[in-house]
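*Asks:* The structure under discussion is supplied below as structure tokens; questions concerning it will follow.
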Amino acid sequence: MKKEIATTAAPGAIGPYSQAIDTGTFVFASGQLPVDPSTGTMPADITAQTEMSLRNVAAVLAGAGLTLANVVKTTVFLADMGDFAAMNEVYARHFPAPFPARSAVAVRTLPKNALVEIEVVAVH
742 MKKEIATTAA PGAIGPYSQA IDTGTFVFAS GQLPVDPSTG TMPADITAQT
792 EMSLRNVAAV LAGAGLTLAN VVKTTVFLAD MGDFAAMNEV YARHFPAPFP
842 ARSAVAVRTL PKNALVEIEV VAVH
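Per this note's numbering, numbering through the sequence shown is continuous, rising by one, with the last residue being 865.
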């Protein structure tokens with residue numbers, strides 16, 4: 742089974758990809774930029790961008806009937822590893838223990854010059 746998850750509560754896909762794919766056991770969510778789906782704008786700082794990215798992740802998961810508590814793996818992409826501590830502070834408030842496994846990597850540039858992008862794998 743492979744079911745597309747799409748919601749207007751998060752920014753829509755801007756290319757040939759899905760917001761998420763539900764396999765029946767796992768939901769694989771594409772990276773979520775910190776774009777406000779109602780305005781198309783992005784906050785300026787890493788704290789607000791992390792908050793918005795996680796809200797978008799939560800909205801995509803809700804489209805599959807899940808919450809952040811179902812997340813088992815995250816990948817956080819940062820434009821500047823110097824923003825790690827600020828991102829981590831916001832991130833920690835959103836995930837219950839036991840925390841998901843996580844990778845955090847610095848990348849040269851993110852789409853729309855975002856400071857952060859977050860992708861997740863969740864389990865039903």
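Yeah, the Cβ is synthetic: ideal placement off N, Cα and C, and Gly gets one too.
From a predicted model like this one, the values you see are computed outputs, not experimental measurements.
1) Does the distance from the CB of T815 to the CB of I859 come in under 8 Å?
2) Out of A855, A863, L856, state which residue places its alpha-carbon closest to the alpha-carbon of R843.
3) Buried or exposed: G765, going by 16 or more other Cβ atoms within 10 Å of its Cβ?
4) Is it the case that the Cβ atoms of T791 and M828 are separated by a distance below 8 Å?
5) My output table needs one value for L774: the three-state DSSP class, helix, strand or coil.
6) V798 and V857 - do their beta-carbons sit closer together than 8 Å?
7) Among F836, M742, A820, G804, which residue has its Cα nearest to the Cα of R849?
8) Nearest-angstrom Cα distance between A826 and T748?
9) What is the residue span of the beta strand (DSSP E) that S794 lies within?
*Replies:* In brief:
1) For the pair T815 and I859, the CB atoms are nearer than the 8 Å cut-off.
2) In terms of Cα proximity to R843, the closest of A855, A863, L856 is A863.
3) It is exposed - the Cβ of G765 has fewer than 16 other Cβ atoms within 10 Å.
4) It is a contact, given that the beta carbons lie within the stated cut-off.
5) In the three-state reduction of the DSSP assignment, L774 falls in the coil class, being assigned neither a helical nor a strand state.
6) For V857 and V798, no; Cβs fall outside 8 Å.
7) The residue with the shortest Cα to Cα distance from R849 is A820.
8) Those two C-alpha atoms are separated by around 30 Å.
9) It is not in any beta strand (DSSP E) - S794 instead sits in the alpha helix (DSSP H) that spans 787-803.
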